[in-house]
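Below is one structure, written out as C-alpha cells, with a few remarks after it.
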Amino acid sequence: KAGVTQTPRYLIKTRGQQVTLSCSPISGHRSVSWYQQTPGQGLQFLFEYFSETQRNKGNFPGRFSGRQFSNSRSEMNVSTLELGDSALYLCASSFQQGTGEQYFGPGTRLTVT
Amino acid sequence: GENVEQHPSTLSVQEGDSAVIKCTYSDSASNYFPWYKQELGKGPQLIIDIRSNVGEKKDQRIAVTLNKTAKHFSLHITETQPEDSAVYFCAADLGGSQGNLIFGKGTKLSVKP
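Quick note, the sequences are listed as chains A and B, same order.
Oh and the first sequence: position 72 is 72 in the working numbering, straight run, nothing missing.
Oh and the second sequence: position 68 is 1068 in the working numbering, straight run, nothing missing.
Right, dumping it as C-alpha cells:
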C-alpha cells in the first residue's frame, strides 16, 4: 500500500499571504489529522477530520482551517500568514476516528518570509 | 489538559548497548501510547505502541513498558545499531473518542559505531 502523501513538500510564502496544503491518506483510511512541528513547540495537534467532518480541534487560531473530501483526501489552509507559522506541517492518517494507529506523511515544510 | 514529559532530550550510546527513553503523562484517561522515530527530512514513523490493558509489548529489539498507576511508559532498544540514530517521540492520546495525540518533546538518540 502506498503511504501518506503530502503536497507540496516545500513552500515559501510572504507574510500576509495564504497557503493550502494537501494530504492523501493511506488507501482505506478515513481519518486524517494535521500537526504542526516546530523546534520550540514540538509536535502540536491542529485538527482531525473523519467522514468529511472536523471531529477535534487543537488550540490554534481561526486562521488555520481544513476540510476533507469524500475520497478522504484533506486540505489545510492558513490565511494571513505570520512569520511564526513557519513549520513542518504533518498529516497523519488512520483507519478509524479516535484512538488508533496514526501514520504520518513526510510533511510540508512551510517558510514564511 | 494532557501533558507528556520525555527524558532524556539527548542520548548517546555505543553500538550494541541498550537505550532507554522514559515518558510520563498526566491524564489518567489516556489509553493509547505510541512511539515514533523521526529521521532527518522525514515524517515520524510509528515503531511500536501499547494500550492501557497491556503492561509490556516487544517487537524484535524494541520493547515498551507501561505503568498506568505511576503514569509512565518507557521505550527500550537493545543491541543498538547506527541506523537506530534518530529522534524518538513518545505520545499519549486524550482518551474517549478524541484521536489527537499529545507528544513529548523528543529524544535525539546517537549510536556511535
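We put the CB at the ideal spot given by N, CA and C, even for glycine.
* Asked: What does DSSP give as the partner residues of residue 1108 of chain B in its beta bridges?
  -> Locating residue 1108 of chain B in the second sequence gives position 108, counting from the first residue. DSSP lists B/1010, B/1087 as partners of residue 1108 of chain B.
* Asked: With DSSP run on the structure shown, which of helix, strand or coil describes residue 85 of chain A?
  -> Within the first sequence, residue 85 of chain A is the residue found at index 85, counting from 1. In the displayed model, residue 85 of chain A falls within a helix according to three-state DSSP.
* To do: Look at the Cβ atom of residue 22 of chain A, then the Cβ atom of residue 97 of chain A, and state whether they are nearer than 8 Å.
  => What you label residue 22 of chain A is simply residue 22 of the first sequence in a count that begins at 1. What you label residue 97 of chain A is simply residue 97 of the first sequence in a count that begins at 1. No.
* Asked: Among B/1093, B/1069, B/1040, B/1049, which has the Cα closest to the Cα of residue 1087 of chain B?
  -> By one-based count along the second sequence, residue 1087 of chain B stands at place 87. Per the Cα distances, B/1040.
* **Helix, strand or coil at residue 1034 of chain B [DSSP, three-state]** => As a working mapping, residue 1034 of chain B is identified with position 34 in the second sequence. The answer is strand: DSSP assigns residue 1034 of chain B an E or B state.
* Contact with chain D by residue 33 of chain A, beta-carbon distance below 8 Å -> Included in the structure are the protein chains A and B, with no chain D among them.
* Asked: Does the separation of the CB atoms of residue 1044 of chain B and residue 1089 of chain B fall below 8 Å?
  -> Position 44 of the second sequence, counted from the first residue, corresponds to residue 1044 of chain B. Position 89 of the second sequence, counted from the first residue, corresponds to residue 1089 of chain B. Taking 8 Å as the Cβ cut-off, residue 1044 of chain B and residue 1089 of chain B qualify as a contacting pair.
* Asked: If you drop the 5 nearest sequence neighbours on each side, which residues of the same chain put their C-beta closer than 7 Å to that of residue 81 of chain A?
  -> The residue labelled residue 81 of chain A in the question sits at position 81 within the first sequence. 13, 15, 16, 17, 18, 19, 112.
* To do: Verify whether the separation of the beta carbon atoms of residue 1084 of chain B and residue 1101 of chain B is less than 8 Å.
  => Translated into the one-based positions of the second sequence, residue 1084 of chain B becomes position 84. Translated into the one-based positions of the second sequence, residue 1101 of chain B becomes position 101. For residue 1084 of chain B and residue 1101 of chain B, no; Cβs fall outside 8 Å.
* **Bridge partner(s) assigned by DSSP for residue 64 of chain A** => In the first sequence, counting from the first residue as 1, residue 64 of chain A sits at position 64. Looking at the DSSP output, residue 64 of chain A bridges to A/78.
* If we count Cβ pairs, one from each stretch, closer than 8 Å, do we get three or more for the segment 1001-1009 of chain B versus the segment 70-78 of chain A? -> The segment 1001-1009 of chain B is not in contact with the segment 70-78 of chain A.
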